[in-house]
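The structure appears below as C-alpha cells.
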Amino acid sequence: MADLFRPYRGKMPEKILEDIKENLPPKCSTAKVKKILGAVYQEYNRSLSQPGESVGLVGAESIGEPGTQMTLNTFHFAGVSELNVTTGLPRLIEILDGRKNINTKMMEIYLKKPYSKGKDLKKIAERMKETKLEVFLDEISINIANLQMIILLNKKKLKNADLKEDKVAKILAKSFKGFKFKLQKDESLLVTSSSKDPALNEIYKLKEKIKGTFISGIKGVTQVLPIKGGEEYIIVTAGTNLKEMLKQEYIDITRTVSNDLFEIQALFGVEAARQVIINEVLKVLDAQGINIDIRHIMLVADAMSMSGKVMGINRYGIVKEKPSVLARASFETPIKHIINAALTGEVDYLNSVIENVMMNQLVPVGTGLPGLVTKVK
Amino acid sequence: MTDVFLDNKFVGTVKNPEDFIERIISERRMGKLPITLNAHYNNNTDEVRIEICGGRSVRPLIVVNDGKSLLTEKHIQQLEKNEITWSDLVKQGVIDYLDSGEEENAFVAFTEEELIGEHTHLEVSPLGIVGLTTALVPFGNYNHGVRLSQGSKNQKQAIGFYIANFFNRMDMDVNLLHYPQYPVVDTLMHRTLDYDKHPSGQNIVVAVMSYQGYNMEDSIVLNKGSVDRGMGRSTYYRPAISEELRYSGGLIDEVSVPDKEVKGYRSEYDYRFLEDDGIIYPEAVVQEGDVIIGKTSPPRFLSSLDEYNLTTSSRRESSMALKHGERGVVDFVTLTENSEGNRLVQVRLRSQRTPEIGDKFTSRHGQKGVISILVPEEDIPFTASGIRPDIIFSPHGIPSRMTMAHMIELLAGKTGALSGRRVNGTIFDSENEDDLRKELLGMGFMENGTETMYNGITGERYKAKIYIGNMYYLKLKHMVANKIHSRARGPIQLLTRQPTEGRANEGGLRLGEMEKDTFIAHGTALLLKERFDSDKTIVPVCEECGLIAIYDDRRETSFCPICGEKAEVSNIEISYAFKLILDELKSLTVYPKMKLEGKY
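As given, the protein sequences belong to chains A and B, one line each in that order.
Residue 279 in my numbering sits at position 279 of the first sequence; the count goes up by one each step and never skips.
Residue 197 in my numbering sits at position 197 of the second sequence; the count goes up by one each step and never skips.
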C-alpha cells in the first residue's frame, strides 16, 4: 500500500495523503487506490492557483463585496442574562484590524463527560462567574462610637457559591491589610482597624471599597450563559480568562476557546491565533448568511500571522511591513512615509503592483508577470 | 404641585394641572388669549407646558363638545352664503389650532360619524392628515405608504404650466408642457389649488400589458402616433446673461462684435449670428460654439502696459458662447441695467423636447418609468372599438409595489372619460369603486375595466383581456437631451494632463480605484496599462543624478541641467501624474532619484 502512495509524496501535502489513507474503504483493490490517488492528484492540481494570479486582490474583492450587504451590528442571546455580542461589520473590522481590546470578549466552554450531559450545570456556571463581595452582602453597618463595621452576609448565596463566612473573612483580610476581620458568633463579620488611633474616615472609605472585593469565581468572567449546543451543554461567558479557566477540572481543555486573538496567541501561539481568526471571521459571515470560500479567509489570516505575531491589516500592522515606499505611501499617511524614506535613503525596487500602477508601468501580475530569460543585447 | 413652564421657562406651580389647562384653553377659545398659544399637560413628567413662541407647526381642528361637533349646519349655511369666514369660526372658538404638544392631550375623531363622548376634536377633512402634494394623489388611501410619498415626490419634478407670464421671465432651467390638461380623476386638493390654472400632466390611455419585452424593469412603451400628435411635448428655456462689468481706472466691458485684433478672437464663423450691436437676433438657430453675446474686456494687467507695448492696448475676448452639447433657438433678447447701473444683456434660448428614448414619465403613484421604445402607431395593439393606448405599462410593476390606487385610477379615469365628467379621488373621501364599475358596465364596457385587444402587428386577437383605461401621466424634468454624454478624445486638465471631469466640460468617465482592481484581479496587466495611458508622457532622465533632464527641441538633444552636457540622458515613458509627484517631492526637499535599467 505504501508503495502506491510513494510517487505522490512531495507532490501533494502530507495531510491530503493521510486523509485518503484514512477514508479508504476497508477492502479496496490496488487498482482502485491507484485510480483514487490519480483523481485526487488531478483535482489538487486543478485547485492550485496559477503563477501570477492575484489571489490577494481576488480575496479582498470576495470578502469586500458581500461585506457591503452585511446588516445588524449586534445580536442578542435569548435568555435572562442579556449577552450582547458584537457581530456583523463591526466585529469583522475588529478581527481584521487586529484590535487588542475587542468589544465583547467571550469564551465557549466545553465540559468533560458527566458535566457535558448537564450534571451540576447551573452550579458550575454560577461558580465561574466573577463574584464580588457586594453580591453576598445583606447589610453593612458602621458603629460610629466604636469605630467598627459589621458585615452581614447572605447565607443562602454563600452556600450556592460553596463558601463559608470564615473563608470570606480570610479573603478580605488578605486584600485589606491594616484591618481586622473577625467572625462573630452570629456569623457576622466585625471589622476593626488595626492601627493605634483609628479614624472614622478610614472605615467609611473601606465601606465602599470592600464591596468590590473579588471573592470567588474566575476573574474577568462577568456573565455566564449555559446553552445546549447539539448533544451537549456548553457554557458561553462574557469576559475571558482562558488561562484560569483551563485550570478548572470539569473543563474539556481541547475544545474550550476564547474569541480574543491575543489571549489565544499568548497561550497557544500564532498558529492557534491564525485558526481563531479564520473561525471568528467565518462565524460572523455565517451569521449574516454570507458564503465565502474559506481559502480567501485563510489567506487573510496567513497575511495577518505571517510575521510570527498577529498584526492587523492597517498602517500599524501588515501595511507597515511592505517593502515599497510608494506602496506604503499610497495607503495612509503618505507624508510620514516619504519623509522617513528620504531620511533613511530608502530604495524602492518597484517590485509590486501599486507602485507600477502609479507610474503606469506594466504590473507584475497576470500577463505582466512573465519576462524573458535571455538577455537581449 | 405641578411645575408650569412658559416657553420652556419655569414660571410657577399649579395644584390641579388638568383644570388649569382646561381654563387656559377655554380662555383662548373665548379670544382672551392668542390663538397660537398652546398648552398641554405631560403626566409622565408631571409638567404643564405653555407655548407661544414661533417655530411650532400648528394645524386646525374642529372643537368637539360632549361628542358633538361645534361646527353646525348653520355655520356651513352661513359659510356658503359668505356671511361668515374662516376667521370668524376661529374667533367663535369652533376651530382650534393644535401644536404637537397639545395634540398629545387631544382625542381627534377622523370623521363626524365616529364621534363619541371622549373626543375633543374632529378633523376638518380627512384630507388634512396628508400634505399638499400627497393630497394630489387620487385614491391615495389605497396605496402603500412608501409609494404614496414617492408619488408625491415625483409630482414635484413634473413638467407643467408653472406660471402664466413665463414669456416675460428669465428663469433658469424652465420646462413647459405643450398641452397641459386637468386630470380626469382629481381630488379636493386639485380644486382648492386651482389646478386647472397650472396643470402639469396629460390624460392618456394606458394599457397594462407587456409589449415584446420592451417594457421590462420599469420601462414604458410609447405610441409614436401620440407623440407626433403632441403628447408629452415640452419646451426647455435657458437664459444666457452677460453684464458689462466696470473695472478700476474707468475701464468697462463692451458688448459688441469683437475686433479681429482682440486677444482670443474665435473665428468669423463663430460670430456670424451677431448683429451690429454685438447681440444675436431672435429666432437664430444656434449650436455648440456659436457666440450669442459678443463681448470684450479690458486687458487684465494695466501697469506694465503703455511703455513697451507699441500696439494699442489689446482687449480680451469674453463673449458668451454655447457650451459643449448645447443647441436651440434664440427666443427672446432683453437689454436692461442691473442694480449697479451696468448694462445687462439677457438672451433666452429655447429648444423643443419631443419625447424620446430615455425620457422619464410617471403616474401619480410612484410608478415612474423610462421610455424604451417609440412604437409606430400601426404596430400598437388596439381594442375592438379601435382605441390604441398611448402608453403600454408593464403589469410586473404592480404586485411588488402594491399601488392599488394606480389600478383604481385607471378604472376611474376610464369611467370619467367615457361619461364626460370628473371623478373625485380625494384620499379617504373618494367615489366608490363599485359604483364606478357599475357606471362603466352601464356604458357598455366590461365591469372589470378589461377589453379584448388585438395584436397591432399581426392583427391576432389576444387570448387575455387587457386592462385598459385613462390615467393622468406626468412628464418629469429628467430628459436624456440634458444628460447624454460621451467622449473619445477631448480636453485635458492643465495640471495633471488627465481628462477633464463632467458633462459640461466634455469630460471623461473615470476608471476609479476599484475598477482598476478588477483589471488586476483578472491579471490583464497590459489592458490596465493601456487604460491608464490618458496622461502618458515621455520624460528625459539623467542617468547620473536620476532627475528629470531637459529636451532641447532646437538642437534635438537632451541635457541635464545639473550634470551638464556629458551626462547620459535616456527617455522613459511614465504617467504625467507620476512626473508631477516627483516634482512635488522635490519641492518638499526630498530627492527622488531614479535609477534606470534596461527594459529587457
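Backbone N, C-alpha and C fix where the C-beta goes; we use that ideal spot for every residue, glycine too.
Since the model is a prediction, treat every value here as computed from it, not as a measurement.
### Query
Quick one, which of B/Val14, B/Cys545 and B/Gln346 has its alpha-carbon nearest B/Thr2's?
Mapped onto the second sequence, residue 2 of chain B falls at position 2. The shortest C-alpha to C-alpha distance from B/Thr2 to any of B/Val14, B/Cys545 and B/Gln346 is the one to B/Val14.
### Query
Using a beta-carbon distance below 9 Å, is B/Ser575 in contact with chain A?
As a position in the second sequence, residue 575 of chain B is number 575, starting the count at 1. Yes, because at least one Cβ of chain A sits closer than 9 Å to the Cβ of B/Ser575.
### Task
Give the straight-line distance between the Cα atoms of B/Ala207 and B/Asp186, rounded to the nearest whole angstrom.
One-based indexing of the second sequence puts residue 207 of chain B at position 207. One-based indexing of the second sequence puts residue 186 of chain B at position 186. Distance between the alpha carbons of B/Ala207 and B/Asp186: 20 Å.
#### Entry: Segments of 3+ residues assigned as beta strand (DSSP E) that fall wholly inside the region 227–273 of chain B
When DSSP assignments are scanned along the region 227–273 of chain B, the uninterrupted stretches of beta strand (DSSP E) that are 3 or more residues long and fall wholly within it turn out to be 234–243.
### Message
Can you give me the C-alpha to C-alpha distance between A/Leu111 and A/Asp260, rounded to a whole angstrom?
### Response
One-based indexing of the first sequence puts residue 111 of chain A at position 111. One-based indexing of the first sequence puts residue 260 of chain A at position 260. It is roughly 20 Å from the alpha-carbon of A/Leu111 to the alpha-carbon of A/Asp260.
### Task
Identify the contact partners of B/Ala521 in chain A, using a Cβ-Cβ distance below 7 Å as the criterion.
The count along the second sequence starts at 1 and reaches residue 521 of chain B at position 521. Correct list: Ser54, Leu57, Val58 and Glu61.
### Query
Hey, which unbroken runs of the alpha helix (DSSP H) at 4 residues or more fall wholly within the region 62–102 of chain B?
You should have 73–80 and 86–91.
#### Entry: Closer than 7 Å at the beta carbon, the chain A residues around B/Ala549
Numbered from its first residue, the second sequence carries residue 549 of chain B at position 549. Neighbours of B/Ala549 on chain A: none; closest Cβ ~17 Å, over 7 Å.
#### Entry: Contact set for B/Gln78: own chain, Cβ-Cβ below 8 Å, skip 5 residues either direction
For the purposes of this step, residue 78 of chain B is taken as the residue at position 78 of the second sequence. The residues are Ile84.
### Message
Please tell me whether A/Leu124 and A/Ile235 are closer than 9 Å, where the distance is taken between their beta carbons.
### Response
For the purposes of this step, residue 124 of chain A is identified with residue 124 of the first sequence, where counting begins at 1. For the purposes of this step, residue 235 of chain A is identified with residue 235 of the first sequence, where counting begins at 1. According to the sequence displayed, residue 124 of chain A carries Ile and not Leu. Yes, the Cβ-Cβ distance between A/Ile124 and A/Ile235 is below 9 Å.
### Alpha-carbon to alpha-carbon, B/Leu441 and B/Pro34
In the second sequence, residue 34 of chain B corresponds to position 34, counting from 1. In the second sequence, residue 441 of chain B corresponds to position 441, counting from 1. Taking the straight line from one Cα to the other gives about 55 Å.
### Query
Quick one: what does DSSP say A/Tyr110 is sitting in, helix, strand or coil?
Sequence index remark: in the first sequence, residue 110 of chain A carries index 110 (1-based). Of the three classes helix, strand and coil, the one that applies to A/Tyr110 here is strand, per DSSP.
### Query
How long is the line joining the alpha carbons of B/Trp86 and B/Met189, rounded to whole angstroms?
Against the second sequence, residue 86 of chain B aligns to sequence position 86. Against the second sequence, residue 189 of chain B aligns to sequence position 189. Each residue's alpha carbon lies about 18 Å from the other.
### Query
Taking Cβ positions only, does A/Gln361 come closer than 9 Å to chain B?
The count along the first sequence starts at 1 and reaches residue 361 of chain A at position 361. Closer than 9 Å to some Cβ of chain B, the Cβ of A/Gln361 qualifies, so yes.
### Task
Check whether the Cβ atoms of B/Met209 and B/Ala464 lie closer than 9 Å to each other.
The residue you call residue 209 of chain B lines up with position 209 of the second sequence. The residue you call residue 464 of chain B lines up with position 464 of the second sequence. Note that the C-beta distance between B/Met209 and B/Ala464 is below 9 Å.
### Message
Assuming contact is defined by CB atoms lying nearer than 9 Å, are B/His478 and A/Gly366 in contact in what I supplied?
### Response
One-based indexing of the second sequence puts residue 478 of chain B at position 478. One-based indexing of the first sequence puts residue 366 of chain A at position 366. B/His478 is not a Cβ neighbour of A/Gly366, given a cutoff of 9 Å.
#### Entry: chain B contact for A/Pro364 (CB, 9 Å cutoff)
Within the first sequence, residue 364 of chain A is the residue found at index 364, counting from 1. Cβ-Cβ to chain B under 9 Å: yes for A/Pro364.
### DSSP-derived helix/strand/coil call for A/Pro51
The residue you call residue 51 of chain A lines up with position 51 of the first sequence. Shown here, A/Pro51 sits in coil according to DSSP, grouped into three states, outside any helix or strand.
#### Entry: Simplified DSSP state of B/Glu565, which is helix, strand or coil
The residue given as residue 565 of chain B occupies position 565 in the second sequence. Three-state result, B/Glu565: coil.
### Message
Can you tell me whether A/Lys32 is helix, strand or coil according to DSSP?
### Response
Walking along the first sequence from the start, residue 32 of chain A turns up at place 32. In this structure, A/Lys32 counts as helix in the three-state DSSP scheme.
### Task
Ignoring anything shorter than 4 residues or poking outside the region 269–337 of chain A, list the alpha helix (DSSP H) runs there in chain order.
Fully contained in the region 269–337 of chain A are the following alpha helix (DSSP H) runs of length 4 or more, in chain order: 270–287, 294–305 and 325–330.
### Query
Along chain D, which residues have their Cβ under 7 Å away from the Cβ of A/Met70?
Here chain D cannot be found, since the structure's protein chains are A and B.
### Query
Does any C-beta atom of chain A lie closer than 9 Å to the C-beta of B/Gly598?
Indexing the second sequence from 1 puts residue 598 of chain B at position 598. B/Gly598 has a beta carbon lying within less than 9 Å of a beta carbon in chain A.
#### Entry: Inter-residue spacing [alpha-carbon to alpha-carbon] between A/Glu208 and A/Gly217
Translated into positions along the first sequence, residue 208 of chain A becomes position 208. Translated into positions along the first sequence, residue 217 of chain A becomes position 217. Roughly 21 Å between the two C-alpha positions.
### Boundaries (first-last residue) of the beta strand (DSSP E) holding A/Tyr233
In the first sequence, residue 233 of chain A corresponds to position 233, counting from 1. Counting along the chain, the beta strand (DSSP E) containing A/Tyr233 begins and ends at Glu232 to Ala238.
### Message
For B/Arg350, tell me which candidate among B/Val330, B/Gly358 and B/Gln367 has the shortest Cα-Cα distance.
### Response
Within the second sequence, the letter at position 350 stands for residue 350 of chain B. The residue with the shortest Cα to Cα distance from B/Arg350 is B/Val330.
### Under the three-state DSSP convention, the category B/Ala135 falls into
Mapped onto the second sequence, residue 135 of chain B falls at position 135. Collapsing the DSSP output to three states places B/Ala135 in a helix.
### Query
Cα-Cα, which of A/Asn154, A/Lys177 and A/Leu190 is closest to A/Asn146?
Stepping through the first sequence from its first residue, residue 146 of chain A is reached at position 146. Checking every option, the nearest Cα to that of A/Asn146 belongs to A/Leu190.
### Query
Where does the unbroken alpha helix (DSSP H) through B/Ala39 begin, and where does it stop?
What you label residue 39 of chain B is simply residue 39 of the second sequence in a count that begins at 1. Where B/Ala39 is concerned, there is no enclosing alpha helix (DSSP H), although the beta strand (DSSP E) around it starts and stops at Asn38 to Asn42.
### B/Leu274 burial status per 10 Å Cβ neighbour count (16 or more: buried)
By one-based count along the second sequence, residue 274 of chain B stands at place 274. Here B/Leu274 is buried: its Cβ has 16 or more other Cβ atoms, across all protein chains shown, within 10 Å.
#### Entry: Straight-line gap, A/Lys247 to A/Lys117 (C-alpha atoms, nearest Å)
Taking the first sequence and counting its residues from 1, the one referred to as residue 247 of chain A is at position 247. Taking the first sequence and counting its residues from 1, the one referred to as residue 117 of chain A is at position 117. Each residue's Cα considered, the two are about 20 Å apart.
### Message
Output needed for B/Thr604: all residues of its chain with C-beta closer than 7 Å, excluding positions within five of it in sequence on either side, in chain order.
### Response
This structure cannot speak to residue 604 of chain B, because chain B is shown only from 1 to 600.
### Query
Since A/Thr237 meets chain B, which of its residues come closer than 7 Å, beta carbon to beta carbon?
Looking up residue 237 of chain A in the first sequence gives position 237. Residues of chain B whose Cβ lies closer than 7 Å to the Cβ of A/Thr237 do not exist; the shortest such Cβ separation is about 38 Å.
### Task
Consult DSSP for A/Lys196 and reduce its assignment to one of helix, strand or coil.
Residue numbering aside, residue 196 of chain A sits at position 196 when the first sequence is read from its first letter. DSSP, reduced to helix, strand and coil, places A/Lys196 outside both helices and strands of the structure shown, so it counts as coil.
#### Entry: Residues bridged to B/Asp552 (per DSSP)
Here the question's residue 552 of chain B lines up with position 552 in the second sequence. DSSP lists B/Thr557 as the beta-bridge partner residues of B/Asp552.
### Task
Helix, strand or coil for A/Val365, going by three-state DSSP, please let me know.
Mapped onto the first sequence, residue 365 of chain A falls at position 365. Coil.
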